[in-house]
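Chains as they are written, first to last, in the numbering used here: chain F, 5 to 205; chain V, 5 to 205.
Glycine included, C-beta positions come from ideal geometry on N, C-alpha and C.
Shown next, in structure tokens, is the structure this report addresses.
2 protein chains.
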Amino acid sequence: MNDPAALIRVRANPRKRDAEATRAAILAAAKTQFALLGYDCTALRDIAREAGADVALVKRYFGGKEALFLEALKASFGSDGLRDWDRANFAHEMATMLADSPHADEARTHRFQFLLRAATSPTTAPLLNLLIQDRFLGPIRDWLGGADAEARARVFAASYIGFLVERLIRGEALLGREREVFINRVAAIFATLMSERDAPI
Amino acid sequence: MNDPAALIRVRANPRKRDAEATRAAILAAAKTQFALLGYDCTALRDIAREAGADVALVKRYFGGKEALFLEALKASFGSDGLRDWDRANFAHEMATMLADSPHADEARTHRFQFLLRAATSPTTAPLLNLLIQDRFLGPIRDWLGGADAEARARVFAASYIGFLVERLIRGEALLGREREVFINRVAAIFATLMSERDAPI
DNA sequence: GAGTCAAGTCAATGCTCGTTGACATGAGCG
DNA sequence: CGCTCATGTCAACGAGCATTGACTTGACTC
Numbered sequence: 005m006n007d008p009a010a011l012i013r014v015r016a017n018p019r020k021r022d023a024e025a026t027r028a029a030i031l032a033a034a035k036t037q038f039a040l041l042g043y044d045c046t047a048l049r050d051i052a053r054e055a056g057a058d059v060a061l062v063k064r065y066f067g068g069k070e071a072l073f074l075e076a077l078k079a080s081f082g083s084d085g086l087r088d089w090d091r092a093n094f095a096h097e098m099a100t101m102l103a104d105s106p107h108a109d110e111a112r113t114h115r116f117q118f119l120l121r122a123a124t125s126p127t128t129a130p131l132l133n134l135l136i137q138d139r140f141l142g143p144i145r146d147w148l149g150g151a152d153a154e155a156r157a158r159v160f161a162a163s164y165i166g167f168l169v170e171r172l173i174r175g176e177a178l179l180g181r182e183r184e185v186f187i188n189r190v191a192a193i194f195a196t197l198m199s200e201r202d203a204p205i
Numbered sequence: 005m006n007d008p009a010a011l012i013r014v015r016a017n018p019r020k021r022d023a024e025a026t027r028a029a030i031l032a033a034a035k036t037q038f039a040l041l042g043y044d045c046t047a048l049r050d051i052a053r054e055a056g057a058d059v060a061l062v063k064r065y066f067g068g069k070e071a072l073f074l075e076a077l078k079a080s081f082g083s084d085g086l087r088d089w090d091r092a093n094f095a096h097e098m099a100t101m102l103a104d105s106p107h108a109d110e111a112r113t114h115r116f117q118f119l120l121r122a123a124t125s126p127t128t129a130p131l132l133n134l135l136i137q138d139r140f141l142g143p144i145r146d147w148l149g150g151a152d153a154e155a156r157a158r159v160f161a162a163s164y165i166g167f168l169v170e171r172l173i174r175g176e177a178l179l180g181r182e183r184e185v186f187i188n189r190v191a192a193i194f195a196t197l198m199s200e201r202d203a204p205i
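The structure is reproduced here in structure tokens:
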């Protein structure tokens, strides 16, 4: 963003006339910008410049700002993949990741930022209810399984969101004993939620 | 917002010329609008209309949009008051509140929305780091006390944020067994974090 | 009641934005 | 080569925004 090198690269090395490549470049730039600035603060002109294309092409290829946003949103959520996690180590690995810097986990941070910005913008928030239900709460519920999966999934999702927000605000990795304690406590929360047994009080 | 009755009321019952009252009305309207729409989507014109005042008065009394925002932000955070909670029942009461509808807890929801919107807007996010540290993480750390209060406060704050976000997205109260399970699980998380003993795994 | 100054109003300015349609260009085909 | 049409460029429009300074109005003092 505002990267003069990028501009020079674009100018010096223009794409051959290729509609598909241009469309893809615009979509990629849109994913970045929307995640970084949110819907309302992102200008189509910036996306176009970032993609080395003209604003008019955004309209031609996507129809408009809102349509571009929706496509970028859907493209950013190709099933997060709780499936792939090893259940035995999940709680500890997840807690460790949450203790580390968000920069160490670019892809996830990026997607989460996109979702968070979209959920807190009054313009785009209404578009999100279904998506969150379908691609977030639903998969977590199925992955947890067992008794009261719905309620446990809610607590799980809420905790997860909170930890991600905290990591985003914190901006850097935790260190030393604070890191250890953080990881233990967070892992304990996830582990308890994965268990069907009701929580001990 | 967009309340014709309010407009009529304002027109029919104009304030007597009173700088202080006008200033207060603008500030109150700003708190509402910024919480509802976030900094970027809020127009000074709307704030002024809501307050029954003219846009130019915003500049006269506050200096500009950003200054007004900062004043509204500070005015919205007069020490949340963890102090006042009864420690014995805290976890369960807090969990119950989080299971209920956000509309049942107007004031807190309102303030939290303000903070969340402010934290996710690229314009205002930089202004928040210090405020969050001072008025959120700090008080929680002091309230928790004991060993590793810093790390526990982080987990506590993150969980709390997550539950508030979840409640905000959910929009309505939980019912029946789902509500019971939710409350138990959430209360268990808070209770564990309040305890100095390291979490059981 | 005339004068004064704070309080409130108004219109204009300059900016950014999404959108749009007219125009230029180049690659591929006959 | 010359035609053609997809591809890319450009300038302009209209709306909405914060800001600004000149203007009007009303309450209070003498």
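At least one CB of chain F lies nearer than 7 Å to the CB of V:Leu-41. In the assembly as shown, F:Glu-200 is an exposed residue. Its beta-carbon has fewer than 16 other beta-carbons within 10 Å.
No residue range can be given for F:Ala-151, since it is assigned to no alpha helix (DSSP H) and is classified by DSSP as neither H nor E. Between V:Thr-196 and V:Asp-152, the alpha-carbon positions lie close to 13 Å from each other.
Straight across, the Cα-Cα distance linking F:Glu-170 with V:Asn-133 is about 11 Å.
For F:Gln-37, the enclosing alpha helix (DSSP H) covers residues 23-45. Not a single CB atom of chain F sits nearer than 7 Å to the CB of V:Thr-100. In terms of beta-carbon proximity, V:Phe-194 stays away from the interface with chain F, with every pair separated by 7 Å or more. Here V:Lys-20 is exposed. Its C-beta has fewer than 16 other C-beta atoms within 10 Å. Beyond the five residues adjoining it in sequence on each side, F:Asp-58 comes within less than 7 Å, by CB distance, of Ala-52 in the same chain, given in chain order. Beyond the five residues adjoining it in sequence on each side, F:Phe-116 comes within less than 6 Å, by CB distance, of Leu-168 in the same chain, given in chain order. Rounded to whole angstroms, the Cβ separation of V:Thr-124 and F:Gly-68 is 24 Å, and the two are not in contact under 8 Å. Between the alpha carbons of V:Glu-176 and F:Pro-143 lies a gap of roughly 21 Å.
The C-beta of F:Ser-199 comes no closer than 7 Å to any C-beta of chain V. In this chain, the alpha helix (DSSP H) harbouring V:His-96 covers 94-103. For F:Pro-130, no Cβ of chain V is located within less than 7 Å of the residue's own Cβ. Chain V places a beta carbon closer than 7 Å to that of F:Phe-167, counting this residue as a contact. Under the 7 Å criterion on CB atoms, V:Ala-155 is classed as interfacial with respect to chain F. Non-local beta-carbon contacts of V:Phe-160 in its own chain, meaning distances under 6 Å to residues more than five positions away in sequence, involve Ile-144, Leu-197 in chain order. The alpha-carbon separation between F:Tyr-65 and F:Glu-54 amounts to approximately 16 Å. Contact annotation, F:Glu-182 with V:Ala-162: C-beta distance approximately 13 Å; criterion of less than 8 Å not satisfied. Comparing C-alpha distances from V:Leu-135 to each of V:Ile-173, V:Ala-23, V:Phe-73, V:Phe-81 shows the shortest one belongs to V:Phe-81.
Taking a Cβ-Cβ cut-off of 7 Å, V:Ser-105 has no neighbours in chain F, whose nearest Cβ is about 14 Å from it. Of the candidates F:Met-98, F:His-96, F:Arg-158, F:Ala-129, F:Arg-158 places its Cα closest to the Cα of F:Phe-140. Any Cβ of chain F closer than 7 Å to the Cβ of V:Leu-179 would place that residue at the interface, and such an atom is absent. Contacts with chain V at 7 Å (Cβ-Cβ) include F:Asp-152.
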